[in-house]
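J.:
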Amino acid sequence: IRDYKVTGVQTCALPIYFKAPYFVTYVLRQLFNKYGTDFVYSGLKVETTLNWNMQQWADQTIQKGLDRDAGIGANQGALVSLDNRTGYIRAMVGGRNFYTDQFNAVTQGKRQPGSTFKLFDYTAAFDTDNADLYTTFVDEPIAYPNNPDKIVKNDSGGYSYGRVSDRKSTRLNSSHLEIS
Numbered sequence: 052i053r054d055y056k057v058t059g060v061q062t063c064a065l066p067i068y069f070k071a072p073y074f075v076t077y078v079l080r081q082l083f084n085k086y087g088t089d090f091v092y093s094g095l096k097v098e099t100t101l102n103w104n105m106q107q108w109a110d111q112t113i114q115k116g117l118d119r120d121a122g123i124g125a126n127q128g129a130l131v132s133l134d135n136r137t138g139y140i141r142a143m144v145g146g147r148n149f150y151t152d153q154f155n156a157v158t159q160g161k162r163q164p165g166s167t168f169k170l171f172d173y174t175a176a177f178d179t180d181n182a183d184l185y186t187t188f189v190d191e192p193i194a195y196p197n198n199p200d201k202i203v204k205n206d207s208g209g210y211s212y213g214r215v216s217d218r219k220s221t222r223l224n225s226s227h228l229e230i231s
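Numbering-wise, the working numbering puts 156 at position 105 of the sequence shown, and it's gapless, one number per residue.
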């Protein structure tokens, strides 16, 4: 048995090794925050949405990717798999190795989503028929609606000031086009 910190101050005695540790400690954190220590330790039975087969696949995938890309500096990874119909968490890996570092990059990491979020932008635009691969936009600086002094920049920093299709924009990774 070892004490793991599951909230800022709350520790929880858990077996030294246990399945899906990032997910388990995430669930415990939610329980402690919502119900308090006494209730959690009162003999509570908890059923979760974790899919063990998906969790094993996620663990293996993160480890293989980190091993493969270690030579180019990959030292951490994270993955969360959600059921798109319900929003339930089916698998969660918060880092390379929970037993050496309990920081959960899925729930505790404060990172910009970057290009990963483009999938959602394009899906929404295509599903609502507001755009398709051939819809074009002018490749020019765009100010943030809530902060006109801040300009959306693409990866290269340059603009063609011409018309660019969504298809070409995805290939060029032109971030400013995706938000227009």
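Each residue gets a CB set at the ideal place from its N, CA and C atoms; glycine is no exception. None of the values given here were measured: they were computed from a predicted structure.
1. Who are the near neighbours of residue 126 in its chain, counting only those whose CB is closer than 8 Å to its CB and skipping five residues on each side?
2. What residues are listed by DSSP as bridge partners for residue 220?
3. Taking C-alpha atoms, which residue in 215, 73, 138 lies nearest to residue 129?
4. Please name the residue or residues paired with residue 102 in a DSSP beta bridge.
5. In its own chain, which residues sit with a C-beta less than 7 Å from the C-beta of residue 231, not counting the 5 before and 5 after it?
6. Do residue 145 and residue 158 have their CB atoms nearer than 8 Å?
7. May I have the straight-line CA-CA distance separating residue 190 from residue 135, to the nearest angstrom?
8. Around the Cβ of residue 76, are there at least 16 other Cβ atoms within 10 angstroms (buried) or fewer (exposed)?
9. Rounding to the nearest angstrom, what Cα-Cα distance links residue 229 and residue 90 in this structure?
10. Out of 82, 103, 104, state which residue places its alpha-carbon closest to the alpha-carbon of residue 96.
11. Spatial neighbours of residue 131 within its chain, please: CB distance less than 6 Å, with the 5 preceding and 5 following residues excluded, ordered by chain position.
12. I'd like the span of the beta strand (DSSP E) that includes residue 187, first residue to last.
13. For residue 80, name the three-state secondary structure that DSSP assigns.
14. By DSSP, does residue 147 sit in helix, in strand, or in coil?
15. Assign residue 88 to buried or exposed, taking buried as 16 or more other Cβ atoms, counted over all protein chains shown, within 10 Å of its Cβ.
16. What would DSSP say about residue 142, mapped onto helix, strand or coil?
17. If you check the beta carbons only, do residue 185 and residue 218 fall under 8 Å apart?
T.: Answer, in terms of the structure:
1. Reading the sequence shown from its first residue, position 75 is the one you call residue 126. These residues qualify, in order along the chain: 117, 147.
2. As a first step, residue 220 must be located in the sequence shown, where it is residue number 169. In DSSP, residue 220 forms no bridge with anything.
3. On the sequence shown, position 78 is the one that residue 129 refers to. Out of 215, 73, 138, 73 has the C-alpha closest to the C-alpha of residue 129.
4. On the sequence shown, residue 102 is found 51 positions in, with the first residue counted as 1. DSSP lists no partner for residue 102.
5. For the purposes of this step, residue 231 is identified with residue 180 of the sequence shown, where counting begins at 1. For residue 231, the predicted model reports a pLDDT of 49, less than 50, meaning its position is unreliable; a value from the coordinates is still stated below. Excluding positions up to five away in sequence, the list reads 188, 193.
6. What you label residue 145 is simply residue 94 of the sequence shown in a count that begins at 1. What you label residue 158 is simply residue 107 of the sequence shown in a count that begins at 1. A contact, by the Cβ cut-off of 8 Å.
7. Position 139 of the sequence shown holds residue 190. Position 84 of the sequence shown holds residue 135. One C-alpha to the other measures close to 33 Å.
8. In the sequence shown, the residue the question calls residue 76 occupies position 25. Buried.
9. Indexing the sequence shown from 1 puts residue 229 at position 178. Indexing the sequence shown from 1 puts residue 90 at position 39. The predicted model places residue 229 with a pLDDT of 47, which falls under 50 and marks its position as unreliable; any figure quoted below should be read in that light. Each residue's Cα considered, the two are about 47 Å apart.
10. In the sequence shown, residue 96 corresponds to position 45, counting from 1. With distances taken between Cα atoms, residue 96 lies closest to 82.
11. The count along the sequence shown starts at 1 and reaches residue 131 at position 80. The residues are 143, 157.
12. Position 136 of the sequence shown, counted from the first residue, corresponds to residue 187. For residue 187, the uninterrupted beta strand (DSSP E) segment begins and ends at 187-189.
13. Taking the sequence shown and counting its residues from 1, the one referred to as residue 80 is at position 29. Correct three-state label for residue 80: helix.
14. As a working mapping, residue 147 is identified with position 96 in the sequence shown. Residue 147: coil per DSSP, three-state reduction.
15. Residue mapping note: residue 88 aligns to position 37 of the sequence shown, counting from 1. The residue is exposed, with fewer than 16 neighbouring Cβ atoms inside 10 Å.
16. Stepping through the sequence shown from its first residue, residue 142 is reached at position 91. Residue 142: strand per DSSP, three-state reduction.
17. As a position in the sequence shown, residue 185 is number 134, starting the count at 1. As a position in the sequence shown, residue 218 is number 167, starting the count at 1. Yes, they are a contact pair.
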